[in-house]
Every structure is written in C-alpha cells, then in structure tokens.
Amino acid sequence: LVLPAFAGAPDKAKYPAFPSETPADFKPVTTWFDYDKRDVMIPMRDGVKLHTVILVPKGAKNAGILFTRTPYDADDMTSAVESGHLAVAVSHDDDASDVLVEDGYIRVVQDIRGKYGSEGDYVMNRPLHGPLNPTPVDDSTDAYDTIDWLVHHVPESNGRVAILGISYDGFEPLMAIVHPHPALKAAVPMNPMVDGWMGDDWFHHGAFRQQNLQYIYEQTASRKNRYKWANNHADDYQFFLEGVSAGAVAKRYGMEQLGFWNKVAAHPAYDAFWSEQAVDKILGREPVSVPTMLVASLWDQEDIYGAFAVYKAMAPHDDAHRLFLVAGPWFHGQEVGDGSSLGAVRFGSDTGLYFRQHVLRPFLAHYLKDRPGLPAPVNAFVTGENRWETGNGWPTSAQGTLDLRPQPDHSLQVGGEAQAAGSVAYVSDPQHPVPYRPRPVGPMSGKGWQHWLTSDQREASTRPDVATFTSPVLTEAVRISGAPRVHLVASTSGTDADWVVKLIDVYPDQVAAQPEMGGYQLGISMDIFRGRYREGFTQAKALAANATLPYDFSLPNANHVFLPGHRIMVQVQSSWFPLYDRNPQTFVPNIFFAQPSDYVTAEQHVITGQGGTVIALPLGKADADAASAGAGAP
Ligand code: PG9
C-alpha cells in the first residue's frame, strides 16, 4: 500500500477522523489502594507556588506528617515505585515504607523551587538569604511556608511535621531547621549534602569529582531534566582521559550556558562561595532547637563528610539533648533498603531494617505521636565485629590514638617509636592514572557506583604507581572509631600533586566462612587531598619541586575493628580516576582549564620512618568477646 505524498494538510472530507488515543484532559484516579493522593500548588511568601503531592492514608485522623522536599520530581517519587530518597508513597511495595505504613503517617513530597512541577528559579543547594542569595527566599523559608500551609490545610493531620530525606533531599531538612516553623517537630537528614567542596559531592579537599558533570548538566539545563548526557564511551576512564580537563569536557557539552557550572569553574578553591554555604558552619552557630537525627553511611560514595561534620558542629550546642546520630555500614542511602551486605562484605543482619524499625521508627513516633521511648543519642554499627553499639556522643568510645608508620621496606609499623628514615618512590603518570574502581568505569549510578568504596584494593596494591605498606598479622583486635588523621610527608618532582591515602583491612589468605574474601583488601577510610592547598584551602599555591613537605588532612570517619588474623594496609597514590580530575602535576592557575601540555609525569617520594609519614588512628573500645568469637568473620 503506497500512501500518497501529502501537499499540506489532508483533505478532511477525503480522510476519516482517527481520534487520538490520548485524551486532552485525562483525570487521574486519586483514590485507590490505601490512600488518597492530592496534588496542590502551595504559595510561598514571594508568591511562587510549589508543586506538592500529599498522600493521606485512608481514614487518617490526627496523623503526623512526614515531609520530603526534593529536586528529583515529586510525581515520580510518589508513584508507588521503589525510591532511594525515602520519598516512597504510602505503599506496600517499597521496603522503606515499613515505617510509614505501619505508623499511618501522612506523606508529603514537594518539588523544590524551580524544579519539575514547582514555579520559580532553581539554584543548586540554594544558599540562605544573605551575601550569596540576595532574594528574600531560600529553602528554609520555603520549608517554613509549606509547613505552615500543611498544618492549616490538611485536616487529617495532628499539626506535627517531621522532615526527612536522603542526599540533596537530606540537605533540605538541614535548611528547614534553620529558623524552623513551630510545627516542625523532628528532622532526619540522611546522607545530607553539607559541604560540597570539603568532602561531599563536588570536591574532596579540592580535587574535583568530574563524573558529576553529567549530574550538573542534567540537573541544571532544564526544569524537568529533559536534556540527557550522552557520551560515546562505555568506559568513563577513557572518556575523561580523552577529554583532558573537566573544563574542556564541560565546554564540549555547552555547559558554559549553565550558571552553577560557571560558579564551580570560577571557584576552584575554598573561598567564601563554598565556606559561607557550608551547612555545618551555619548550624554550628545555632542551638539545636528541633530534634534532629543525622544518618551517615560509613561507605558513602557521595556525601561521606556531611552528617559527621554537622554532628560535630551541633553537638556542643545540644544542651537539650535533641541531637542524634546514626552511622551504618551502608553505601549512600542504603539505610532505606536491605542492609545485610555491601558488595562482598556481609554484616550478619539486615542493618537497614534494624535502623528503620528500632531507631528511626521510635524517633519519629516519639515526636509525632508522643509514643514513649527514644533511641540512644548515637547508634553506630561496628564493622568487623558486625554489631550495633550505642553511645552518648561520637566517637562512641575514644581511647586515644595509635600511630601507623610506613617503612622503607613497604612494611607498616603499628604503634611504637619511629625507626630509621627512608622513602618509597613511585612515578605518577597522568596518561595512566589509577582507576578508582574496576574498569570499565560506569557512570555515578547502579551497583558499580554504589559499591565502589568496598571494592577489592588488590588491583591497586599491585600497581607500581601505588605505594603500599602492610602490617604484620594482627594478634589482637585494633578498633577505630572516628576520623583517621594523615600526616603525609612527601616530595614531588612536579609543582602540584594529588595525594590519595587509603586505610585498608587485609583479610586472612583464607576465610572459611566466605572463601571469596580470602586476602581481600577492604577500604575502610580513604580520601584524596589536592596538594596545592597544603598551606590552606582558600588559596592554591605551587609546590616546591623535590622539596620534602608535610600534608595534613583527615580521612572519613570509620567505626571498624581490624580483627586478629587480619593486617592493616596503607596505600598512597596520586590519582583516583576518573571520579577525580587529574592533577596536571604542573602548577596552573585553574586546573579546570589545564592544557594537554601541562600534564607531566612526576616522581613522588613518600617519606617513611623517623620524621616521615604517620597515620594516627582514633582508637575505640574493641569488644573482646565479639572479636574473639570472630563475630565479623566474613
Ligand atoms: N548527593 C547526591 C548528588 C548530588 C549532587 C551530585 C551528585 C549526587 C544526590 O542528591 O543524590
């Protein structure tokens, strides 16, 4: 059948109507399953209306409200699908909803200003009104105005609201507790974005997390994320190597049209743009007025810094004992799913379910329903021994420090006095950077991304450009609780350098209970430091070539027991690619715009022994019974 070539619109008389199968005004059924769904536009104080989805359980009376503000599409997050941002509907098909469904809360999810169904202008992690935000509105005022509207327009509510969420959605509860609405009775910032430069999503100690270019592109190019990133490589390692610098890749994608990218590119150092919006600094200036449960993941591949930083800042002002901290053996946001294992590491129980039922649920019920009982101020999982512990502060049981000293023979001295000085050298070649996870390196999504912090470090330890130091087999448990402190003493033949320091638990060659863990090298606390900030984060300075210099920085918080039979390992390298952009190892004003010729090979020397590198471990109390019983065998 050959259709005639049309010249203009078809002759209606000649062709029968063929009505669209999509009606012009579809009316969704909003009363089904076990809740009513309401779609409202809530006016803020400046007149901008925010799209808000309200899910009211059938027959709800005098119910508390669980509120989430999100930049990730409230409609999508309340469509009864499994969601990692705890924006689940009151549905039974998401394991995070056990807390919601069993206690009959009203669930409210709102598109933040400027995203998806909401009006207004989008600004990434919109700074509070002030030098960084001249407008009279911010995420704090929007939360306030929304809560006020909810308690006056949702008759089934008891006038009490808790705000909770993960990641960016975890940043929103922190904003809400700055000048909080009186109806806000609890906040649960989970894996929150707190300081994008120091240790959360955008940089770690100044090294840029360039795989986030995709996120910045999709999140800020349009209101509804309609423009999708695409690249012609299955392996981001190759893609970013060919891309040379993050700035060159961004330029290729037209990202100079995007306000947030231009701000990032203009502020590579920790200047006021970053430090003035660091949420831990903001909240550290206020008393704790709203009961707040900070939730941290010990292997958080996205925001490993924020929750602990806010806890550290707020704890001194918590005279009314309203501050809580949970630290679980999770990747980013895993606490709302199955917490029985992470990658190859098993925890002996579903730590996510335990958290939701025995920590989160009583916390919410106490403040929203006056249910008696509260969890302990600190609930922390002890990895290695695979047990939960409670405490009144973090770290839970400080017992001094234990110094690890790399030795010239690649051994690692545990405790004791410094021995003969020496050094271990390696060559850092920017054309062959060290992969941060097994290749092909996928994007920042899926299991490869979620699990990478627990991936086996054996590949790295066999590379000539990774300096590896290993202790003797431990005869006693070594328990750490807190942030290891690095005092790296090193030299480089270049005039800039990145230093990656990794604290690793080396499993026995054979693990009967889980054979695949034999010899496994599990990262416990690892991070990168961009050498140009050695003298201070606010200003980059060239390094003196071949000079022996100290670099002092903290690694992420850990809560781990190195069991007897295990060994402790430290690895030092000068790239962690392609998650972090390469350091050209020549000092340039702004690494975002380094040229191909700037990338040079450098000879690195890690100074060991007397006057050399030391990693100070924050000791905690080992549970001798658990350790001797090999509780954490696999
Ligand atoms: N913290 C997550 C993220 C933010 C920005 C870039 C990439 C990831 C999140 O909100 O999911």
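So in the working numbering, the last one in the sequence shown is 1449, and the numbering has no gaps at all.
All residues carry an ideal CB built from backbone N, CA and C; glycine is no exception.
Under 7 Å from any heavy atom of the ligand PG9, does the C-beta of Ser982 make it?
Taking the first residue of the sequence shown as position 1, residue 982 is located at position 167. Yes - the ligand PG9 has a heavy atom lying nearer than 7 Å to the Cβ of Ser982.
To the nearest angstrom, how far is the alpha carbon of Thr1423 from that of Met1384?
Within the sequence shown, numbered from 1, the residue matching residue 1423 stands at position 608. Within the sequence shown, numbered from 1, the residue matching residue 1384 stands at position 569. Each residue's Cα considered, the two are about 14 Å apart.
Thinking C-alpha only, which one of Asn1374, Pro858, Val1256 and Thr950 is nearest Trp1145?
The count along the sequence shown starts at 1 and reaches residue 1145 at position 330. Checking every option, the nearest Cα to that of Trp1145 belongs to Asn1374.
Rank Asp1367, Gln1419, Ile1343 and Pro1399 by C-alpha distance to the C-alpha of Trp1391 and give the top, closest one.
Position 576 of the sequence shown, counting from 1, holds the residue named residue 1391. Nearest option by C-alpha distance: Ile1343.
Just mark Ala904 as buried or exposed, buried being the case when its beta carbon has 16 or more other beta carbons within 10 Å.
Walking along the sequence shown from the start, residue 904 turns up at place 89. Here the model assigns Ala904 a pLDDT of 40, short of 50, so the residue's position is not dependable, and the following value carries that caveat. With 16 or more other Cβ atoms within 10 Å, it is buried.
Return yes when the C-beta of Asp1016 is under 7 Å from any heavy atom of the ligand PG9, and no when it is not.
One-based indexing of the sequence shown puts residue 1016 at position 201. Because some heavy atom of the ligand PG9 lies under 7 Å away, the Cβ of Asp1016 counts as near it: yes.
Is there at least one non-hydrogen atom of the ligand PG9 closer than 7 Å to the beta-carbon of Glu1117?
For this step, residue 1117 is matched to residue 302 along the sequence shown. Checking the Cβ of Glu1117 against the ligand PG9 gives yes.
Along the chain, where does the beta strand (DSSP E) that runs through Ala1005 open and close?
On the sequence shown, position 190 is the one that residue 1005 refers to. Inspection of the sequence shows that residue 1005 is occupied by Met rather than by Ala. Taken as a continuous stretch (DSSP letters only), the beta strand (DSSP E) holding Met1005 covers Leu999 to Met1005.
If you draw a straight line from the C-alpha of Asn1207 to the C-alpha of Gly1309, how long is it?
By 1-based counting over the sequence shown, the position of residue 1207 is 392. By 1-based counting over the sequence shown, the position of residue 1309 is 494. About 46 Å.
When the distance is taken between beta carbons, is Leu1140 closer than 8 Å to Trp1209?
By one-based count along the sequence shown, residue 1209 stands at place 394. By one-based count along the sequence shown, residue 1140 stands at place 325. Yes; because the gap between Cβ atoms is below 8 Å, this pair is in contact.
Along the beta strand (DSSP E) that carries Arg853, what are the first and last residues, could you check?
Your numbering for residue 853 matches position 38 in the sequence shown. Segment Tyr850 to Pro858, the beta strand (DSSP E) holding Arg853.
Taking Glu1274 as part of the alpha helix (DSSP H), name the residues at either end of that continuous run.
Translated into the one-based positions of the sequence shown, residue 1274 becomes position 459. Taken as a continuous stretch (DSSP letters only), the alpha helix (DSSP H) holding Glu1274 covers Arg1273 to Ser1276.
Please state if the CB of Pro1287 and the CB of Arg1382 are separated by a distance shorter than 8 Å.
Sequence index remark: in the sequence shown, residue 1382 carries index 567 (1-based). Sequence index remark: in the sequence shown, residue 1287 carries index 472 (1-based). Result yes, Cβ atoms of Arg1382 and Pro1287 sit closer than 8 Å.
Is the beta carbon of Leu1394 less than 8 Å from the beta carbon of Gln1026?
Numbered from 1 along the sequence shown, position 579 holds the residue referred to as residue 1394. Numbered from 1 along the sequence shown, position 211 holds the residue referred to as residue 1026. In contact: Leu1394 and Gln1026 (Cβ atoms closer than 8 Å).
Check whether the Cβ atoms of Val1321 and Thr1285 sit closer than 8 Å, and answer yes or no.
For this step, residue 1321 is matched to residue 506 along the sequence shown. For this step, residue 1285 is matched to residue 470 along the sequence shown. Going by C-beta atoms, Val1321 is nearer than 8 Å to Thr1285.
Please report the distance separating the alpha-carbon of Ala1080 from that of Phe1407.
If you number the sequence shown from 1, residue 1080 lands on position 265. If you number the sequence shown from 1, residue 1407 lands on position 592. When rounded, the distance between both Cα atoms is 7 Å.
Are the Cβ atoms of Val1429 and His1302 separated by less than 8 Å?
On the sequence shown, residue 1429 is found 614 positions in, with the first residue counted as 1. On the sequence shown, residue 1302 is found 487 positions in, with the first residue counted as 1. Taking 8 Å as the Cβ cut-off, Val1429 and His1302 qualify as a contacting pair.
Which runs of the beta strand (DSSP E) at least 3 residues long sit entirely within the region 1075-1122? Give them in chain order.
Listed in chain order, they are 1107-1112.
Quick check on Gly929: does DSSP put it in helix, strand or coil?
Taking the first residue of the sequence shown as position 1, residue 929 is located at position 114. In the structure shown, Gly929 sits in coil (DSSP, three-state: anything other than H, G, I, E or B).
Using a Cβ-Cβ cut-off of 7 Å (strictly less than) and excluding sequence neighbours within five positions of Lys930, which residues of its own chain qualify?
Translated into the one-based positions of the sequence shown, residue 930 becomes position 115. Cβ neighbours of Lys930 beyond the five flanking positions: Pro886, Tyr937 and Arg1038.
What residue range is occupied by the uninterrupted beta strand (DSSP E) comprising Ile1139?
Translated into the one-based positions of the sequence shown, residue 1139 becomes position 324. The amino acid at residue 1139 is misidentified as Ile; the sequence shows Phe. Note, Phe1139: beta strand (DSSP E), Leu1138 to Gly1143.
Is Tyr1030 near the ligand PG9 - that is, is its Cβ less than 7 Å away from at least one heavy atom of it?
Within the sequence shown, numbered from 1, the residue matching residue 1030 stands at position 215. Under cutoff, so the answer is yes.
Tell me the residue span of the beta strand (DSSP E) that contains Phe1377.
Numbered from its first residue, the sequence shown carries residue 1377 at position 562. First-last of the beta strand (DSSP E) with Phe1377: Ala1373 to Phe1377.
In this structure, does DSSP put Glu934 in helix, strand or coil?
Taking the first residue of the sequence shown as position 1, residue 934 is located at position 119. Coil at Glu934, not helix or strand.
Tell me whether Asn1027 counts as near the ligand PG9, meaning its Cβ is closer than 7 Å to at least one heavy atom of that ligand.
Start at 1 with the first residue of the sequence shown, and residue 1027 comes out as number 212. Indeed, a heavy atom of the ligand PG9 lies less than 7 Å from the Cβ.
Go ahead and pull the three-state DSSP assignment for His1420.
Here residue 1420 refers to the residue found at position 605 when the sequence shown is read from its first residue. In the structure shown, His1420 sits in a strand (DSSP, three-state: E or B).
Tell me whether the beta-carbon of Ser1296 lies closer than 8 Å to the beta-carbon of Thr1216.
Indexing the sequence shown from 1 puts residue 1296 at position 481. Indexing the sequence shown from 1 puts residue 1216 at position 401. No, these two residues do not count as a Cβ contact at 8 Å.
Shortest alpha-carbon distance to Gly1380 belongs to which of Arg1397, Thr1416 and Asp1324?
As a working mapping, residue 1380 is identified with position 565 in the sequence shown. Considering only alpha carbons, the answer is Asp1324.
So, with DSSP's three-state summary, where would you put Met1070?
For the purposes of this step, residue 1070 is taken as residue 255 along the sequence shown, with counting starting at 1. Correct three-state label for Met1070: helix.
Where DSSP assigns a beta bridge to Glu1033, which residues make up the other side?
Counting from one through the sequence shown, the residue named residue 1033 turns up at place 218. DSSP output for Glu1033 lists no bridge partner at all.
Given a cut-off of 8 Å, decide if Gln1388 and Ala1240 are closer than it, judged by their beta-carbon atoms.
Along the sequence shown, read from residue 1 onward, the residue named residue 1240 stands at position 425. Along the sequence shown, read from residue 1 onward, the residue named residue 1388 stands at position 573. No, the pair does not count as a contact, with Cβ atoms beyond the cut-off.
As an exercise, report each continuous beta strand (DSSP E) stretch of at least 3 residues that is fully enclosed by the region 1260-1347, in chain order.
Correct list: 1281-1285, 1293-1297, 1300-1307, 1313-1321 and 1336-1345.
Counting pairs of Cβ atoms below 8 Å between the region 1183-1203 and the region 1129-1143, do you hit three or more?
Flag = yes, the region 1183-1203 and the region 1129-1143 touch.
Out of curiosity, what's the CA-to-CA distance linking Thr1353 and Lys1078?
If you number the sequence shown from 1, residue 1353 lands on position 538. If you number the sequence shown from 1, residue 1078 lands on position 263. Answer to the nearest angstrom: the Cα atoms are 16 Å apart.
Taking 7 Å as the cut-off, is the beta-carbon of Met1008 closer than that to any non-hydrogen atom of the ligand PG9?
Your numbering for residue 1008 matches position 193 in the sequence shown. Checking the Cβ of Met1008 against the ligand PG9 gives yes.
Taking just the CA atoms, how far does Glu1117 sit from Glu1331?
Sequence index remark: in the sequence shown, residue 1331 carries index 516 (1-based). Sequence index remark: in the sequence shown, residue 1117 carries index 302 (1-based). The straight-line gap from Cα to Cα measures roughly 27 Å.
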